[in-house]
Every structure is written in structure tokens, then in C-alpha cells.
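Numbering (our numbering), first residue to last: 3 to 424. All residues carry an ideal CB built from backbone N, CA and C; glycine is no exception. Since the model is a prediction, treat every value here as computed from it, not as a measurement.
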Ligand SMILES: [Zn+2]
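Below is the structure:
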């Protein structure tokens with residue numbers, strides 16, 4: 003099977019170039035005069051980018067299929083331009099053993115419409131007590147994370163870092179020191195004080211990052227910080243990078259675009275970490291610009307409508323993000339001149355690819371994972387049209403510029419605009 007993508011503006015990783023792309027048997031092929039395509043995709047007027055890579059999604063299967071499945075979650079991913087997503091391990095059973103990881107991988111093989119790379123847990127049952135057999139699991143997962151909770155015991159984390167360093171594995175940490183959180187914590191400190199709600203302090207995040215960076219210094223472990231939300235955390239990661247430590251981090255679209263001033267007492271503004279102050283949001287934007295952030299990751303976290311209907315205090319933590327990420331970021335940061343389109347695309351492609359060390363781009367032989375974008379295409383965030391089973395988004399009703407036209411995974415269309423629900 004040979005496909006030609008013709009007339010598009012191609013994002014190369016160091017700019018844009020008018021060029022045609024040749025795909026043969028699911029991989030990028032070298033340009034050649036006698037290439038006889040079975041199919042031609044007209045990309046005139048469109049941006050052609052390597053498929054997006056999301057380092058942080060919750061697909062909920064196995065265990066919570068009522069919230070999302072590998073099928074519905076990866077359809078949402080493809081609709082958002084993502085060709086690879088990294089699945090977080092808060093699942094039932096959690097991928098903390100060879101057997102459980104194999105079960106998850108079987109489901110992925112059967113049902114996924116894009117590439118899914120599973121994270122294994124750092125500790126057995128994500129309970130924070132006993133590290134998993136890291137070296138045995140490492141070849142079968144993208145890295146290790148106890149996402150959803152921080153690993154409180156420093157000795158446990160140090161043992162995991164030593165094991166991970168020994169086999170070159172990545173630790174992706176949800177940093178949250180529960181001892182620095184008020185019981186039932188649901189919002190940032192200032193908002194909590196103003197509205198008499200329990201707080202999730204910035205310190206609960208950055209104190210743990212500080213501790214972990216000290217462990218990186220001791221062990222040399224590759225360390226990635228999930229969903230950075232506080233300006234102090236940005237400073238710590240920036241300094242660690244300047245020191246030459248193998249530290250990376252991701253920022254979510256909602257933390258980059260919204261702050262506590264945008265909130266209402268509505269479950270669609272409840273996530274962990276919470277939306278913080280305006281100064282924090284601006285620090286995150288600076289991190290996206292200056293390279294302190296390596297990737298944008300959605301932390302796509304679907305829940306049932308009922309679980310998100312109980313306001314800030316009672317709703318479940320987490321919002322969906324796969325289907326809106328590009329549109330809201332392009333609208334909120336690129337159209338406003340705060341971030342270049344090139345940098346946004348880098349944060350969705352080469353940046354995350356570097357963190358997890360997967361191929362990305364146009365070298366002959368690379369997987370033909372590609373997204374076609376209309377950067378001006380108008381839309382409105384309408385959760386009733388999502389492929390995801392989750393409907394709770396803080397961007398509901400937002401008018402957007404920037405649409406996903408087509409997503410190819412291994413050269414095959416995984417999403418085309420106008421099909422199915424949109
Ligand atoms: Zn998390």
C-alpha cells in the first residue's frame with residue numbers, strides 16, 4: 003500500500019517546509035520519481051505534522067470500563083491528532099506484575115486505534131510500600147508511575163530510582179505529599195481561603211519534586227514530572243536541567259490556559275493538581291516557551307457525568323482533554339502570539355518523543371504516524387460530540403481555531419474529520 007500526501011506544509015522539527023510525503027507499507031518512504039501511489043491525500047492549505055504523543059492519559063481499562071475503554075479513549079486520541087498515548091497505571095488490576103501488564107497489553111492489542119504505551123506502577127498496588135520488579139517489567143512498559151498518588155516514603159522511592167537507573171527506565175512521578183494537603187483538598191490555596199474549601203497547597207507538589215531531584219542527583223535515574231502546576235515546581239525543574247540532571251516535565255492544556263480566577267463551583271474545574279494562581283499559570287507558559295517543559299500532556303481523566311456533578315467539593319478529580327488539546331492551545335496561546343505554532347507542535351511531538359525515546363519525524367523507515375491540521379479551522383468545544391465517554395471539560399463552549407482533519411497511524415486513517423461523531 004502506497005500513499006502520497008501532497009501539497010501540505012510540513013512541520014520538520016526545525017520549521018515548516020512545502021513538501022510531499024511518501025508512505026509505503028505504513029512507514030515513511032524516501033521520495034522517488036517512480037512512486038505510484040494507491041491513494042493521494044490532498045493536503046493543500048494544511049499543516050502536516052508528526053502524530054501527537056501524549057505522555058499522560060487515563061484509559062480506565064481494565065477495571066473502570068464505564069468511564070472509558072481502550073477503544074473509546076484511543077478514538078478520542080485519534081480525533082485529537084494523537085497517534086501515541088501513554089496509559090497511566092491506576093487500573094484494576096494495576097500493571098504491577100508481568101501477568102497484569104500482559105493482560106493490559108492484550109486489551110490494547112485487541113482494541114486500540116492508536117499506539118498505546120502502558121506505564122507500569124512504581125510500587126505494588128500503587129500503595130507506596132514495595133517497589134515492583136522494575137528490571138523485569140522495564141522491557142514491557144514505557145516507564146513507571148504511581149500516578150494518582152505520590153510515593154511518600156523516600157527510601158521506597160530511592161530503591162525504585164536505583165533499579166530504574168540500572169536499566170535506563172523512566173520514572174514519571176505524580177508529585178503530591180499528602181501530609182501537606184488538607185483533608186478533602188480540592189482547590190488551590192487562595193481559592194480555598196476565599197470559598198472556605200479545603201486546599202491542595204503548591205508545597206504538596208514542589209516539596210516532593212525537590213526530594214525527587216535530590217534522588218536523581220544520587221542515582222542518575224531518568225525522571226519526569228507529571229502535570230507541573232506550581233511556579234516553584236517550574237523553578238526546580240529549570241534548575242535541575244541547568245545542572246545537567248536527566249529531568250523532564252509536562253504541562254497540561256488546562257494548567258497552561260486557565261487559573262483559579264476562571265473557576266466556578268462546578269466539577270469541570272476539579273482536577274489534581276488544581277488550577278492555581280495567575281502567576282503560576284504565567285510561569286507555566288514561560289516554561290513552555292523556554293524549554294523547561296518538554297511536553298504538553300493532557301492528563302485525560304474521564305469520569306461518569308454523575309461523578310462530576312457534585313461541584314468542587316464532591317466531584318471526582320480529573321477532566322478529559324484528548325479531543326480539545328490542539329484547538330484550545332492553538333486558540334489560547336498561538337493565536338494570541340504567546341507561543342509559536344512551531345513550539346506548540348514540538349511540545350506535542352518531538353518533545354514527548356524525546357522523553358520516552360520513541361521515533362518521531364520524517365526519516366525513511368519511521369512509522370507513518372501523521373496528523374493533518376487546519377490551523378484556521380473554526381470550531382466550538384462541544385462535549386456531546388466527544389468520542390470519549392468522559393464529558394467534563396473546563397473548555398466547554400469555547401470557540402476555537404485549529405482543527406484536526408485527519409490522523410494516520412502506521413499510514414492508515416484512524417480519524418477523518420466529518421466521520422462518525424463529527
Ligand atoms: Zn497525576
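Exercise. Taking the Cβ atom as the reference point for each residue, do residue 210 and residue 237 lie within a distance shorter than 9 Å?
Worked result: Indexing the chain shown from 1 puts residue 210 at position 208. Indexing the chain shown from 1 puts residue 237 at position 235. No; because the gap between Cβ atoms is not below 9 Å, this pair is not in contact.
Exercise. Mapping DSSP to helix, strand and coil, what is residue 271?
Worked result: Here residue 271 is taken as the residue at index 269 of the chain shown, counted from 1. In the structure shown, residue 271 sits in a helix (DSSP, three-state: H, G or I).
Exercise. For the beta strand (DSSP E) that residue 44 lies in, which residues bound it at each end?
Worked result: In the chain shown, counting from the first residue as 1, residue 44 sits at position 42. Counting along the chain, the unbroken beta strand (DSSP E) around residue 44 starts and ends at 41 to 44.
Exercise. DSSP three-state call for residue 354: helix, strand or coil?
Worked result: By 1-based counting over the chain shown, the position of residue 354 is 352. Looking at residue 354 - three-state DSSP - the assignment turns out to be helix.
Exercise. Helix or strand or just coil, what does DSSP make of residue 333?
Worked result: On the chain shown, residue 333 is found 331 positions in, with the first residue counted as 1. Helix, per DSSP.
For this session: Name, in chain order, the residues that DSSP records as bridge partners for residue 409.
Result: Within the chain shown, residue 409 is the residue found at index 407, counting from 1. In the DSSP output, where bridge partners are listed per residue, residue 409 has 373, 417.
For this session: Please list, following the chain, all residues that have a C-beta closer than 7 Å to any non-hydrogen atom of ligand 1.
Result: This criterion selects 149, 150, 176, 228, 229, 274, 301.
Problem set entry | Sheet register partners of residue 121 (DSSP bridge) | Working through the chain shown from its first residue, we reach residue 121 at position 119. Beta-bridge pairing links residue 121 to 145.
Exercise. Taking the C-alpha atoms as reference points, what is the distance between residue 42 and residue 293?
Worked result: Looking up residue 42 in the chain shown gives position 40. Looking up residue 293 in the chain shown gives position 291. Their Cα atoms are separated by approximately 36 Å.
Problem set entry | Cβ-based burial, residue 204 [other Cβ within 10 Å; buried from 16] | Indexing the chain shown from 1 puts residue 204 at position 202. It counts as buried.
Exercise. Does the region 69 to 87 come within contact of the region 111 to 128, defined as at least 3 CB pairs closer than 8 Å?
Worked result: yes
Exercise. Terminal residues of the continuous alpha helix (DSSP H) containing residue 163?
Worked result: Position 161 of the chain shown, counted from the start, is the residue given in the question as residue 163. It spans 156 to 169 - the alpha helix (DSSP H) in which residue 163 sits, taken as one unbroken run.
Exercise. Smallest Cα separation from residue 150: which of 347, 62, 257?
Worked result: As a first step, residue 150 must be located in the chain shown, where it is residue number 148. That would be 62, whose Cα lies nearest to the Cα of residue 150.
Problem set entry | Three-way DSSP call (helix, strand, coil) for residue 383 in this model | To locate residue 383, count along the chain shown from 1; it is residue 381. Coil at residue 383, not helix or strand.
Exercise. If you drop the 5 nearest sequence neighbours on each side, which residues of the same chain put their C-beta closer than 8 Å to that of residue 229?
Worked result: Position 227 of the chain shown, counted from the start, is the residue given in the question as residue 229. Taken in chain order, the residues that qualify are 58, 176, 252, 253, 254, 257, 275, 299, 301.
Exercise. Counting along the chain, where does the alpha helix (DSSP H) carrying residue 195 start and finish?
Worked result: Here residue 195 refers to the residue found at position 193 when the chain shown is read from its first residue. Residue 195 -> alpha helix (DSSP H) spans 191 to 197.
For this session: Would you check if there are 3 or more beta carbon pairs closer than 8 Å linking the region 304 to 312 to the region 385 to 404?
Result: yes
For this session: Can you give me the Cβ contacts of residue 139 inside the same chain, cut-off strictly under 7 Å, excluding the 5 residues immediately before and after it?
Result: Taking the chain shown and counting its residues from 1, the one referred to as residue 139 is at position 137. Only 100, 103, 122 meet the Cβ criterion.
For this session: Could you say which of 345, 374, 412, 382 lies nearest to residue 418 if we only look at CA atoms?
Result: By one-based count along the chain shown, residue 418 stands at place 416. Of the candidates 345, 374, 412, 382, the one whose C-alpha sits nearest the C-alpha of residue 418 is 374.
Problem set entry | For residue 286 and residue 330, believed in contact at Cβ under 8 Å, the rounded distance | Position 328 of the chain shown, counting from 1, holds the residue named residue 330. Position 284 of the chain shown, counting from 1, holds the residue named residue 286. That pair is no contact at about 14 Å.
Exercise. Apart from the five residues just before and just after residue 28, which ones in its own chain have a Cβ nearer than 6 Å to its Cβ?
Worked result: Reading the chain shown from its first residue, position 26 is the one you call residue 28. Closer than 6 Å at Cβ, skipping near neighbours: 370, 412, 413.
Exercise. What is the DSSP secondary structure of residue 114, counted as helix, strand or coil?
Worked result: Indexing the chain shown from 1 puts residue 114 at position 112. Of the three classes helix, strand and coil, the one that applies to residue 114 here is coil, per DSSP.
For this session: Measure from the C-beta of residue 76 to each C-beta in chain B and report whether the shortest distance is under 9 Å.
Result: Looking at the structure shown, chain B is missing, and only one protein chain is on hand.
For this session: Could you check how far apart the C-beta atoms of residue 346 and residue 335 are, in whole angstroms? I think they sit under 8 Å.
Result: Locating residue 346 in the chain shown gives position 344, where the first residue counts as 1. Locating residue 335 in the chain shown gives position 333, where the first residue counts as 1. Indeed they touch by this definition, with Cβ atoms about 7 Å apart.
Exercise. Rounded to a whole number of angstroms, what is the C-alpha to C-alpha distance between residue 109 and residue 196?
Worked result: Position 107 of the chain shown, counting from 1, holds the residue named residue 109. Position 194 of the chain shown, counting from 1, holds the residue named residue 196. Taking the CA atoms as reference points, residue 109 sits about 45 Å from residue 196.
Exercise. By how many angstroms is the C-alpha of residue 35 removed from the C-alpha of residue 70?
Worked result: Within the chain shown, numbered from 1, the residue matching residue 70 stands at position 68. Within the chain shown, numbered from 1, the residue matching residue 35 stands at position 33. Computed Cα separation, rounded: 46 Å.
Exercise. What is the DSSP secondary structure of residue 24, counted as helix, strand or coil?
Worked result: The residue you call residue 24 lines up with position 22 of the chain shown. In the three-state reduction of the DSSP assignment, residue 24 falls in the strand class, which pools E and B.
For this session: Check residue 56 in the structure and name its three-state DSSP category.
Result: Here residue 56 refers to the residue found at position 54 of the chain shown. Strand at residue 56.
Exercise. What residue from 217, 19, 194, 240 has the CA that sits closest to residue 265's CA?
Worked result: As a first step, residue 265 is located in the chain shown; it is residue number 263 there, counting from the start. Of the listed residues, the one whose Cα sits closest to residue 265 is 194.
Exercise. With a cut-off of 8 Å, do at least 3 Cβ pairs link the region 161 to 168 to the region 215 to 229?
Worked result: yes
Problem set entry | alpha helix (DSSP H) segment containing residue 210, residue limits | Your numbering for residue 210 matches position 208 in the chain shown. Per DSSP, residue 210 belongs to the alpha helix (DSSP H) from 204 to 221.
Exercise. Among 340, 54, 21, which one has its Cα closest to the Cα of residue 410?
Worked result: On the chain shown, residue 410 is found 408 positions in, with the first residue counted as 1. When only C-alpha atoms are compared, the closest one is 54.
Problem set entry | residue 328 - DSSP class collapsed to helix/strand/coil | Position 326 of the chain shown, counted from the first residue, corresponds to residue 328. Helix at residue 328.
Exercise. Residue 83 and residue 397: beta carbons closer than 9 Å?
Worked result: As a first step, residue 83 must be located in the chain shown, where it is residue number 81. As a first step, residue 397 must be located in the chain shown, where it is residue number 395. No.
Problem set entry | Residue range of the unbroken beta strand (DSSP E) whose run includes residue 80 | Taking the first residue of the chain shown as position 1, residue 80 is located at position 78. Run containing residue 80: none in the beta strand (DSSP E); it sits in the alpha helix (DSSP H), 72 to 81.
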